[in-house]
Amino acid sequence: MASRKKPIVWSIAGSDSGGGAGIQADLATFHDFGVHGCTVITAITAQNSFAVGHVSVTPRRTLAAQINALDSDLQADVIKLGMLADEGVVGMVAKYLDSYRGFVVCDPVLSSSTGGDLTDGNLSACLIEKLLPRCDLLTPNLSEAESILNRRIKGLDDVERAAADIVALGARAVLVKGGHLTARNNQRHDYWTDGIDGFWLSGANVDTLNTHGTGCTLSSAIAASLARGYALPDALVIAKAYVSQGLRMGVQLGGGPGPVAHVGWPQQLIDFPSLSRRLPQSGPRPVFPSCEGELGLYPVVDSADWIKRLLACGVKTIQLRVKGLQGEALRKEVARAVALGREYGARVFINDFWQLAIAEGAYGVHLGQEDLDIADIEAIASAGLRLGVSTHTYYEVARAHGLQPSYIAIGPVYRTTSKDMPYSPQGLMQLRRWVGVLGDNYTLTAIGGIDIKRAKEVLLTGVKSIAMISAITQAENPEAVVAELMAMIDGAPSQ
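Throughout, my numbering is defined as the position within the sequence shown, counted from one, plus 1083.
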């Protein structure tokens, strides 16, 4: 027999006879994400695009038989909880989860978007008491969050406190969906927190009535992404992009609102959210100048001496990444690098030291993800500097997208021993995917483990720039390597 290849995700939820929500939406999502979906049906609903006409809760014996059948043969990597119908169902599911060690995503479905109650009136209190302590992620919409907290959430400014209070009730993390609140900057904003860290996900406001199954689809997309091995922050970004795509492409099938479309892995930037530690305020964001063309060969070096040597070879983009210098010695090194850039008409980026980059009038500054927490982004933009941002994961790309920098660095492409790149490699397939998503809107460069032998296959992904560190500075003849790489990049086929 063939060995297992697909991750397994369970949906413990109700059946929607109209096919737009519940387990039907979950299974369609699981298929798009390449995971195997199993179901434990908690209730059968008679509903269409107008209304819920009848709800029949699954008998406890039948519910237990479904759980036991799957547990004995098709154990879940991740479990998604949807409509749990009544206190008896909640109690039985909670009892099973006491011994389950995988990740649990709970979408606390209390009513249908078609306009009908799907649960009994006391379910919120039961969920809080029995289920929240076992939920790794709760994904309530606004009305569900209000029901759990027994208070109104009046606007976006109330959402962070509401999310923190839900975590305090026992959930390990919560994503409060803000789709029912007024759009800000023509975006819809969701907030995630685990009680310690937190961030906002902001996606385009899609003007559509075809929203049936939005919550089910989001939570099942998160569960499927987790089962595929993505970290939770990445899963949130991917799932929000998937739902935005589904909203944008949804069509009306019956007489009422249509369901969210299920059309495969999201691949267009218009669907991807931006990510911010703070709620985006109304009005314009900081604007960074463009890089005025592709970056081409992009060496990353640790001294102004290397900058002078490589600019003399015809390099037009270079980064100074200084380690070990401080005070006046550091300032002089940065000042010399900036002066060399002006002398050779080159784009010299300063890594990390954004204050010095501003003070010395650098062409641009490059920031890693950790630097984004402490850098004054508005000051960099006000000074007219270009901004480059390092990214590796979906979370990090979404964070960069929120800043709209002058360029985005993607890496590491290959495994590297550099302490500056502790991440696992992305590989060529993921690089190609990022080029497809970002390439029409951002200047990109690939970085990490790229040498002269690998450069050609990297360029075949469609990326127009390669950032290199040791492949140049540790070569026996750096000038010859630079000449070969520049010719290779200039001759790379356009996509």
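C-beta: ideal position from N, C-alpha, C; glycine also.
As the structure is a computational prediction, the values presented were derived from the model and not from experiment.
For residue j and residue i, believed in contact at Cβ under 8 Å, the rounded distance
{"i": "residue 1130", "j": "residue 1099", "result": "6 Å"}
{"i": "residue 1264", "j": "residue 1273", "result": "Their Cβ separation, rounded to whole angstroms, is 10 Å, which puts residue 1264 and residue 1273 out of contact at 8 Å."}
{"i": "residue 1384", "j": "residue 1393", "result": "7 Å"}
{"i": "residue 1091", "j": "residue 1152", "result": "Incorrect: roughly 13 Å between the Cβ atoms, too far for contact."}
{"i": "residue 1534", "j": "residue 1554", "result": "4 Å"}
Span of the alpha helix (DSSP H), counted from its first residue to its last, around residue i
{"i": "residue 1465", "result": "1460-1465"}
{"i": "residue 1415", "result": "1410-1427"}
{"i": "residue 1173", "result": "1170-1180"}
{"i": "residue 1328", "result": "1315-1332"}
{"i": "residue 1145", "result": "1143-1154"}
{"i": "residue 1209", "result": "1206-1209"}
{"i": "residue 1438", "result": "1437-1442"}
{"i": "residue 1541", "result": "1538-1542"}
{"i": "residue 1393", "result": "1387-1394"}
Identity of the residue in the options nearest residue i by Cα
{"i": "residue 1532", "options": "1464, 1453, 1382 and 1427", "result": "1382"}
{"i": "residue 1574", "options": "1456, 1380 and 1443", "result": "1380"}
{"i": "residue 1530", "options": "1498, 1469, 1493 and 1538", "result": "1493"}
{"i": "residue 1301", "options": "1237, 1189, 1289 and 1292", "result": "1189"}
{"i": "residue 1547", "options": "1421, 1104, 1416 and 1528", "result": "1528"}
{"i": "residue 1371", "options": "1285, 1472 and 1456", "result": "1472"}
{"i": "residue 1497", "options": "1459, 1483 and 1537", "result": "1537"}
{"i": "residue 1126", "options": "1106, 1285, 1560 and 1330", "result": "1106"}
{"i": "residue 1373", "options": "1446, 1412 and 1398", "result": "1446"}
{"i": "residue 1327", "options": "1347, 1265 and 1452", "result": "1347"}
{"i": "residue 1249", "options": "1271, 1269 and 1219", "result": "1219"}
{"i": "residue 1282", "options": "1270, 1358, 1292 and 1563", "result": "1358"}
{"i": "residue 1427", "options": "1270, 1413, 1416 and 1397", "result": "1397"}
{"i": "residue 1267", "options": "1253, 1254 and 1287", "result": "1287"}
{"i": "residue 1467", "options": "1474, 1227 and 1488", "result": "1488"}
{"i": "residue 1506", "options": "1091, 1518 and 1474", "result": "1474"}
{"i": "residue 1187", "options": "1375, 1315, 1295 and 1567", "result": "1315"}
{"i": "residue 1167", "options": "1143, 1148, 1147 and 1192", "result": "1192"}
{"i": "residue 1171", "options": "1411, 1147, 1338 and 1162", "result": "1147"}
{"i": "residue 1103", "options": "1184, 1353 and 1333", "result": "1333"}
{"i": "residue 1217", "options": "1228, 1560, 1254 and 1415", "result": "1254"}
{"i": "residue 1443", "options": "1431, 1214, 1417 and 1460", "result": "1417"}
{"i": "residue 1163", "options": "1290, 1112, 1143 and 1134", "result": "1112"}
{"i": "residue 1323", "options": "1176, 1542 and 1350", "result": "1350"}
{"i": "residue 1109", "options": "1539, 1377, 1304 and 1251", "result": "1304"}
{"i": "residue 1094", "options": "1150, 1486, 1510 and 1432", "result": "1150"}
{"i": "residue 1486", "options": "1526, 1269, 1354 and 1368", "result": "1368"}
Three-state class that DSSP yields for residue i in the structure shown
{"i": "residue 1105", "result": "helix"}
{"i": "residue 1282", "result": "strand"}
{"i": "residue 1519", "result": "helix"}
{"i": "residue 1160", "result": "coil"}
{"i": "residue 1485", "result": "helix"}
{"i": "residue 1272", "result": "strand"}
{"i": "residue 1342", "result": "strand"}
{"i": "residue 1113", "result": "helix"}
{"i": "residue 1075", "result": "Nothing can be reported for residue 1075: it is not among the residues displayed for the chain, which extend from 1084 to 1578."}
{"i": "residue 1077", "result": "Outside the modelled stretch of the chain, which goes from 1084 to 1578, sits residue 1077, for which no answer is possible."}
{"i": "residue 1093", "result": "strand"}
{"i": "residue 1382", "result": "strand"}
{"i": "residue 1478", "result": "helix"}
{"i": "residue 1337", "result": "coil"}
{"i": "residue 1236", "result": "coil"}
{"i": "residue 1563", "result": "helix"}
{"i": "residue 1491", "result": "strand"}
{"i": "residue 1292", "result": "coil"}
{"i": "residue 1354", "result": "helix"}
{"i": "residue 1583", "result": "In the structure displayed, the chain extends from 1084 to 1578; residue 1583 sits before or after that span and is not available."}
{"i": "residue 1554", "result": "helix"}
Segment limits, beta strand (DSSP E) that includes residue i
{"i": "residue 1402", "result": "1400-1403"}
{"i": "residue 1434", "result": "1430-1434"}
{"i": "residue 1550", "result": "1549-1551"}
{"i": "residue 1359", "result": "1357-1359"}
{"i": "residue 1529", "result": "1526-1530"}
{"i": "residue 1470", "result": "1469-1474"}
{"i": "residue 1298", "result": "Per DSSP, residue 1298 belongs to no beta strand (DSSP E); it is in the alpha helix (DSSP H), 1297-1310."}
{"i": "residue 1259", "result": "1257-1259"}
{"i": "residue 1239", "result": "From DSSP, residue 1239 is part of no beta strand (DSSP E) but of the alpha helix (DSSP H) over 1239-1251."}
{"i": "residue 1127", "result": "1119-1130"}
{"i": "residue 1058", "result": "Since the first and last residues shown for the chain are 1084 and 1578, residue 1058 lies out of range."}
{"i": "residue 1140", "result": "1135-1140"}
{"i": "residue 1370", "result": "Per DSSP, residue 1370 belongs to no beta strand (DSSP E) and is neither H nor E."}
Count Cβ pairs between the segment 1374-1392 and the segment 1298-1311 that sit closer than 8 Å; are there 3 or more? no
Across the segment 1467-1482 and the segment 1313-1327, are there enough close Cβ pairs to call them in contact, namely three or more that are closer than 8 Å? yes
Validate contact between the segment 1105-1122 and the segment 1351-1370 using beta carbons, cut 8 Å, 3 pairs: no
Stretch pair the segment 1235-1242 + the segment 1205-1216: three plus CB contacts closer than 8 Å: no
So, do the segment 1221-1229 and the segment 1247-1262 have three or more beta carbon pairs nearer to each other than 8 Å? yes
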